[in-house]
Each structure stands twice: as structure tokens, then as C-alpha cells.
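Asker: Anchor point for the sequence shown: position 116 equals 116 in UniProt numbering, and the numbering is continuous, going up by one each time.
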Amino acid sequence: MFCSSSECKGEDKVIQEQGDVIAAEGDTVTLGCRFEATTTAYPYLFWYKQEINNFPKYVLQRGTSGTADNAQEFPKDRFDAEVDKTQNSVPLKIQKLQLSDSAVYYCALQPTVTGNTKTLMSAAEKANLLNQRTGSVEIF
Numbered sequence: 001m002f003c004s005s006s007e008c009k010g011e012d013k014v015i016q017e018q019g020d021v022i023a024a025e026g027d028t029v030t031l032g033c034r035f036e037a038t039t040t041a042y043p044y045l046f047w048y049k050q051e052i053n054n055f056p057k058y059v060l061q062r063g064t065s066g067t068a069d070n071a072q073e074f075p076k077d078r079f080d081a082e083v084d085k086t087q088n089s090v091p092l093k094i095q096k097l098q099l100s101d102s103a104v105y106y107c108a109l110q111p112t113v114t115g116n117t118k119t120l121m122s123a124a125e126k127a128n129l130l131n132q133r134t135g136s137v138e139i140f
């Protein structure tokens, strides 16, 4: 089950407190995401990018067991994340910013044993994801 409220107890959740980020082309930004996973010891963390009037696009996945995957259009040399198990965080680092990177970025958590890099979400989970805004990245 996905939980986004600060009042949730005993549920898996992500916490994204960072607001909007404004940066210049060529800069590097880091977007924060903390997580709490109580249903599995090895959860998978995902980052998505949503541009205006579009659905969220899968950017990358990182597993707390060390697995990693990036979507082809988001190469690891520009879009990267490392799971910090001590801080329960998976910050997204975007390097060499381009104007096309301007968007809203979302972090999501999925405990799974299948290793499937495509999250399957119900309509309610999609609505929760859309309500978990980490802030937009605006490049000038």
C-alpha cells in the first residue's frame, strides 16, 4: 500500500519536502526523497518526470539491494541516484541541465520481489503519486 500522509503509521511512504528549484543551463541540481519501508527489507525506489499536460515518465529505479536501471532517454551520466540506507533517502541528481529538463519530478516506492522495473499502479495510486509533488525544476 502507498501512503503519503505524515499521519500514516506502519505503511511504506516517500517524503518529498523540497520546493521548486530554479537553475541555469549546465548546472547540477539534486532533488531530495526520503522513504520509509516497513513491508520489505529491500524496497525499490523510482523517479518520474512529468512535463506540462503529460503523464509521468519513468526516469530510473534504484533498489536498496544495489540494483539500478535508467530509462534509455535518461542516461546515467546526467540522471543518477544513489540509495543512502543510513538516511533512507534516494536523491535524484541531474547534471548538465538542459531546458528540456524543466518539469515536475516525483519519487515513488515499490516493494517487490520480481525485480520488475515498471511500476504497476492502480488509479488511486496514480492519484497519490500526482499528489506527491517534490517541486519543479525550472531551467533558464
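Heads up, the beta-carbon is just placed ideally off N, CA and C, and yes, glycines get one too.
From Q18, V29, D20 and V59, pick the residue whose C-alpha is nearest to that of Q98; which is it?
Answerer: In the sequence shown, residue 98 corresponds to position 98, counting from 1. When only C-alpha atoms are compared, the closest one is V29.
Asker: Give me, in chain order, the residues of the same chain whose beta-carbon lies closer than 7 Å to that of K93; leave out the 5 immediate sequence neighbours on both sides.
Answerer: To locate residue 93, count along the sequence shown from 1; it is residue 93. Contacts found: T28, T30, D80 and A81.
Asker: Taking C107 as part of the beta strand (DSSP E), name the residues at either end of that continuous run.
Answerer: For the purposes of this step, residue 107 is identified with residue 107 of the sequence shown, where counting begins at 1. A103 to Q110 is the span of the beta strand (DSSP E), which, as asked, contains C107.
Asker: Around the C-beta of D101, are 16 or more other C-beta atoms found within 10 angstroms, so that it is buried, or is it exposed?
Answerer: Counting from 1 along the sequence shown, the entry for residue 101 is found at position 101. Around the Cβ of D101, a 10 Å sphere holds 16 or more other Cβ atoms; the residue is buried.
Asker: Under the three-state reduction of DSSP, which class applies to L99: helix, strand or coil?
Answerer: To locate residue 99, count along the sequence shown from 1; it is residue 99. In the structure shown, L99 sits in a helix (DSSP, three-state: H, G or I).
Asker: A81 lies in the beta strand (DSSP E); which residues open and close that run?
Answerer: The count along the sequence shown starts at 1 and reaches residue 81 at position 81. F79 to A81 is the extent of the beta strand (DSSP E) around A81.
Asker: Drop a sphere of 10 angstroms on the beta-carbon of K76, count the other beta-carbons inside from all chains shown, and report buried for 16 or more, exposed for fewer.
Answerer: If you number the sequence shown from 1, residue 76 lands on position 76. By the neighbour-count rule (16 or more Cβ atoms within 10 Å), K76 is not buried but exposed.
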